[in-house]
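To convert, count from 1 in the sequence shown and add 27; that's my numbering. Note sheet for the following structure.
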Amino acid sequence: MNNTTNIEFITTENIEMLWEIITEDGIASFLKKEQSREFFIIEAKNFFETEKDKYSSLILMNKQFISNIMIQFSELKKKQMKQTNQANQINSKNASFTSTIPSEELHSKRMNHFEQSLAEIQADFNNAVTVPIPETPNFYDNVKEEPIGSNMSELIARTLAQRNFELESIHNTNNNTKIDANTWLKPAETSIKTDKALQHENHKMQLEQKQIQYQYKHQELPTLIQIGEEVKAPIIKKQLTWAENLNNDSVEEIKLDIKETNETIFSKLKHIKSEVSIEIDTQIQLQNMNQRINELDEKISTIIKMMHKELE
Numbered sequence: 028m029n030n031t032t033n034i035e036f037i038t039t040e041n042i043e044m045l046w047e048i049i050t051e052d053g054i055a056s057f058l059k060k061e062q063s064r065e066f067f068i069i070e071a072k073n074f075f076e077t078e079k080d081k082y083s084s085l086i087l088m089n090k091q092f093i094s095n096i097m098i099q100f101s102e103l104k105k106k107q108m109k110q111t112n113q114a115n116q117i118n119s120k121n122a123s124f125t126s127t128i129p130s131e132e133l134h135s136k137r138m139n140h141f142e143q144s145l146a147e148i149q150a151d152f153n154n155a156v157t158v159p160i161p162e163t164p165n166f167y168d169n170v171k172e173e174p175i176g177s178n179m180s181e182l183i184a185r186t187l188a189q190r191n192f193e194l195e196s197i198h199n200t201n202n203n204t205k206i207d208a209n210t211w212l213k214p215a216e217t218s219i220k221t222d223k224a225l226q227h228e229n230h231k232m233q234l235e236q237k238q239i240q241y242q243y244k245h246q247e248l249p250t251l252i253q254i255g256e257e258v259k260a261p262i263i264k265k266q267l268t269w270a271e272n273l274n275n276d277s278v279e280e281i282k283l284d285i286k287e288t289n290e291t292i293f294s295k296l297k298h299i300k301s302e303v304s305i306e307i308d309t310q311i312q313l314q315n316m317n318q319r320i321n322e323l324d325e326k327i328s329t330i331i332k333m334m335h336k337e338l339e
């Protein structure tokens with residue numbers, strides 16, 4: 028039975044109930060809520076560890092804890108009041124001590140402070156107005172030069188190498204500046220000009236492709252003029268010929284001679300275009316010329332418009 032009551036004391040429900048009773052009483056009002064809550068939880072933990080085996084019921088245990096926490100809060104309140112009273116006494120003593128300072132001392136302190144600040148301002152003004160005299164220069168040559176001795180050739184070689192390096196660096200910088208100046212002086216190509224040039228080239232290529240397609244599409248095949256009866260192509264037979272035997276004991280050579288002729292009588296005839304194909308060719312040429320003339324008219328009109336815009 029004791030074990031169950033002990034466990035019930037430390038439950039959250041029991042602790043919250045005890046906290047509500049204490050806050051309603053107002054005994055912990057002199058502290059902040061967080062401070063009083065922390066003090067309450069610490070005391071409940073200590074009470075449970077020391078008094079858990081002494082009580083048989085939860086009610087008795089709660090009553091004893093409430094009486095104990097009330098006493099502890101009242102003692103804490105007394106200590107705090109005592110500390111505040113001591114602090115007030117110390118402050119009153121300090122106030123009385125400051126009030127006992129005579130007016131002459133205060134006046135002298137203030138005058139000293141004023142004189143110090145005035146002296147600082149006067150020194151700053153003098154430093155700003157007066158120009159400090161520079162030190163006398165020393166023109167005496169007190170540096171002792173040691174003889175070069177055997178290091179003369181090494182010193183000459185070092186100075187020549189340094190001079191060549193400086194000349195090379197100057198030459199490189201001049202070349203770079205020339206290249207940069209040339210690139211800067213060249214006018215930058217605008218996107219409008221490049222776009223117009225590309226459009227013109229693409230349009231020209233498209234027109235040429237269309238023209239070639241039209242020519243191939245409308246071009247008729249050439250007609251052949253037949254003279255006399257149709258002559259059949261001769262049938263070509265492949266023959267093998269053996270070379271003459273040579274008087275050679277070591278090697279016997281075999282000569283294979285294969286000839287094939289594809290010439291016929293029709294290959295010697297000339298192609299003659301018909302009148303219809305000639306007319307079509309002339310029409311295509313006229314159409315191409317008209318297209319070129321139209322393109323030139325469009326270009327001239329665009330140039331005239333641009334000139335008008337610039338004049339405006």
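Glycine included, each C-beta is placed from N, C-alpha and C at the ideal position. What you are looking at is a predicted structure, and each value in this text was computed from that prediction instead of being measured.
Next on the checklist: Quick test of your reading: V45 and N95, contact by CB under 8 angstroms. State the CB separation rounded to the nearest angstrom.
Outcome noted: The sequence shown places Leu at residue 45, not Val. Actually they are not in contact, since the Cβ atoms of L45 and N95 sit about 11 angstroms apart, beyond 8 angstroms.
Next on the checklist: I'd like to check one pair, Q238 with N317: are the Cβ atoms closer than 8 angstroms?
Outcome noted: no
Next on the checklist: Quick check on DSSP: helix, strand or coil for S101?
Outcome noted: helix
Next on the checklist: Just verifying my parser: in three-state terms, what is the DSSP assignment at F166?
Outcome noted: coil
Next on the checklist: Between which two residues does the alpha helix (DSSP H) holding E70 run?
Outcome noted: 60-78
Checklist entry - For F92, does the count of other Cβ atoms within 10 angstroms reach 16, so buried, or fall short, so exposed? => result buried
Item to check | Helix, strand or coil at F92 [DSSP, three-state] | outcome: helix
Checklist entry - Under 8 angstroms between the Cβ atoms of I37 and F75? => result yes
Item to check | Candidates P164, E325, T39: closest to K72 by CA position | outcome: T39
Checklist entry - With respect to the alpha helix (DSSP H) encompassing V158, which residues constitute its N-terminal and C-terminal limits? => result Looking at the DSSP string, V158 is not in any alpha helix (DSSP H), and its letter there is neither H nor E.
Item to check | Presumed contact (8 angstroms Cβ cut-off) between I69 and F100, rounded CB distance | outcome: In fact, because the Cβ distance is near 13 angstroms, the residues do not count as touching under 8 angstroms.
Checklist entry - How is K237 classed by DSSP in three states: helix, strand or coil? => result helix
Next on the checklist: For S144 and Q113, what's the separation of their Cα atoms in angstroms?
Outcome noted: 40 angstroms
Item to check | Helix, strand or coil at S144 according to DSSP, with G and I counted as helix | outcome: helix
Checklist entry - Quick one: what's got a C-beta closer than 6 angstroms to Y82's C-beta in the same chain, skipping five residues either side? => result M88
Item to check | L103 vs E35 beta-carbon contact at 8 angstroms | outcome: no
Item to check | Sub-8 angstroms separation of F57 and Q107 beta-carbons | outcome: yes
Item to check | E43: first and last residue of the uninterrupted alpha helix (DSSP H) it sits in | outcome: 39-52
Checklist entry - Should F67 be labelled buried (16 or more other beta-carbon atoms within 10 Å of its own) or exposed? => result buried
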